[in-house]
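Participant:
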Amino acid sequence: MSTPTAPFAGRTVLRVGYGALQLERLHDRRGDAVALLRRAVELGVNHVDTAQFYGFGFANDVIREALRPEDGVLVVTKVGADPDPGGRMPLRLAQRPEQLRASVEDNLRSLGVDQLPVVNLRRLDTGPGLRPEGDQVVDLDDQLAVMTALRDEGKIGAIGLSSVTLAGLRRALPAGIACVQNAYSLVSRDDEDMLRLCVAEGIAWVPFFPLGGNFPGMPKVTEEPAVRAVAESLGVTPAQVGLAWLLHHAPNVLLIPGTTDAAHLEANMAASKITFDAAALAALDAVESRSSEVPIGPTGDKDKT
1 MSTPTAPFAG RTVLRVGYGA LQLERLHDRR GDAVALLRRA VELGVNHVDT
51 AQFYGFGFAN DVIREALRPE DGVLVVTKVG ADPDPGGRMP LRLAQRPEQL
101 RASVEDNLRS LGVDQLPVVN LRRLDTGPGL RPEGDQVVDL DDQLAVMTAL
151 RDEGKIGAIG LSSVTLAGLR RALPAGIACV QNAYSLVSRD DEDMLRLCVA
201 EGIAWVPFFP LGGNFPGMPK VTEEPAVRAV AESLGVTPAQ VGLAWLLHHA
251 PNVLLIPGTT DAAHLEANMA ASKITFDAAA LAALDAVESR SSEVPIGPTG
301 DKDKT
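Residues 1 to 305 in full-length UniProt numbering are what the sequence shown lists, from first letter to last.
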């Protein structure tokens, strides 16, 4: 088993962090949300992933209240979409350079900081989810120009990319990329070549949907017979096996599973302690990979094309 920590944006972080998206489910229980984040810190979490559009700013507000400078938590946020409470979906795309700058400013204000340590540019070129249309189709170079300017101004510490293609990552490398966030799991390994490039370049790989299954039609790691068999043999859950496999698969993988339950949080953290023998690892590696491409149109409907 590889080390439980890994380098990220000039820091050393625990390889299992916390994704704040699900905090919005605790919108009416703010105290519970704060307590959950405090528990994460007690368990050693020092990498939290968030965005201003998570819960219309609720996640960032909770992070601002719960985390203290002495906790040493690396807070990573993202731009490329903004909250849209009145829309058919809870967010709208915000890909234009001026929108990216405005989103960075929004995150700075809501988190109450002078600099965002890492900001992911959510490109939406690949994987499940929305696709840009009209004036939201923006050249990557134009986006990198504003992200680099924001870094030069000290408002961003490092730049990441999300939902990016291999060609896009290669194009962005001269700008200096700290991490890539793409949909990736045991059952959806479309980006294996990109993962290898990230290993070679020292770029953190932060998979979202690490257990698959977040949209209809996506395969689920926890439903795989091999995963269930390994979980039963080790006395752990299929979800823990899916997370542990990712940590075994490459040394630059950082996980950001989200939850609103303290026991589930502890189970996620415990995945870093799971080891596989050669037979179990071979059985998991042999699981068929299926594409995670499930485009969602601008109205929120699954793309029929």
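Note that beta-carbon positions come from the ideal geometry of N, C-alpha and C, so glycine has one too.
Remember, predicted model here, so these are calculated numbers, not experimental data.
Since residue 256 contacts residue 49 with CB under 8 Å, what's their CB separation in whole angstroms?
Facilitator: 4 Å
Participant: Could you check whether residue 221 and residue 207 sit closer than 9 Å to each other, using their CB atoms as the reference points?
Facilitator: no
Participant: How would you write the range of the beta strand (DSSP E) that residue 75 sits in, first residue to last?
Facilitator: 74 to 79
Participant: Identify, in the order they occur along the chain, each residue of the same chain with its Cβ nearer than 7 Å to the Cβ of residue 4, setting aside the five sequence neighbours on each side.
Facilitator: 14, 15, 272
Participant: Along the chain, which unbroken stretches of the alpha helix (DSSP H) at least 4 residues long are found entirely within the segment 234 to 295?
Facilitator: 238 to 249, 262 to 270, 278 to 285
Participant: Report the rounded CA-to-CA distance for residue 115 versus residue 108, giving the unit in angstroms.
Facilitator: 7 Å
Participant: Let me know the secondary structure DSSP gives residue 94 once reduced to three states.
Facilitator: coil
Participant: Indicate the three-state DSSP secondary structure (helix, strand or coil) for residue 18 in the structure shown.
Facilitator: strand
Participant: Can you check which of these residues, 46, 39, 33, is closest to residue 254 by C-alpha distance?
Facilitator: 46
Participant: Under 8 Å: does the beta carbon of residue 64 sit that close to some heavy atom of the ligand MG?
Facilitator: Ligands are entirely absent from the displayed structure, and the ligand MG is therefore not among its contents.
Participant: So, using beta-carbon positions, are residue 92 and residue 81 closer together than 9 Å?
Facilitator: Taking 9 Å as the cut-off, the Cβ atoms of residue 92 and residue 81 count as close.
Participant: Nearest CA to the CA of residue 189: which residue from 200, 205, 176, 175?
Facilitator: 205
Participant: Give the single residue among 278, 251, 121, 150 whose Cα lies nearest to the Cα of residue 138.
Facilitator: Selection 278, 251, 121, 150 evaluated against residue 138 yields 121 as nearest (Cα-Cα).
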